[in-house]
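In what follows, a single structure is set out as structure tokens and then discussed.
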Amino acid sequence: MTYQNQLEESYLKVQKLKANIHTQALLEYVDKVKKVWKPKTKQFTGMHYHGSKSGEEETVTLYFDEYSLEWTTEEMAFRGYLFNKVKEVLNKNKIKKYK
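Just add 2 to the spot in the sequence shown (first one is 1) and you have my numbering.
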């Protein structure tokens, strides 16, 4: 193995480590945001008219997506909330950068 190959291999290892560090930081940020998220919810009770559940009532919970401004699933609402938080962070850093 030549010296150049060793350098390239070391460089690739460092790049992979950096990517892992960034990924870990992002996962921790998402967990932190999820802990403080207090979603707006509303529930609907409806009757099944067709199929094997015909005649049964079912309660469905909808969550408000702050990004798209509509009622949706919990997962999509959290994605919208997270996107808004990331946008806030990026905008704060942009302002600091250009001052």
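Using N, Cα and C, we set each Cβ at its ideal position, and we do this for glycine too.
Endpoints, beta strand (DSSP E) assigned at residue i
i	result
E58	Run containing E58: none; DSSP gives neither H nor E here.
K44	T43 to M49
T75	Where T75 is concerned, there is no enclosing beta strand (DSSP E), given that its DSSP letter is neither H nor E.
Element boundaries [alpha helix (DSSP H), containing residue i]
i	result
E30	Y5 to V38
Sub-9 Å separation of residue i and residue j beta-carbons
i	j	result
E76	Y65	yes
T74	E60	no
K94	V35	no
Residues that DSSP places opposite residue i in a beta bridge
i	result
F66	W73
Residue i burial status per 10 Å Cβ neighbour count (16 or more: buried)
i	result
Y51	exposed
A79	buried
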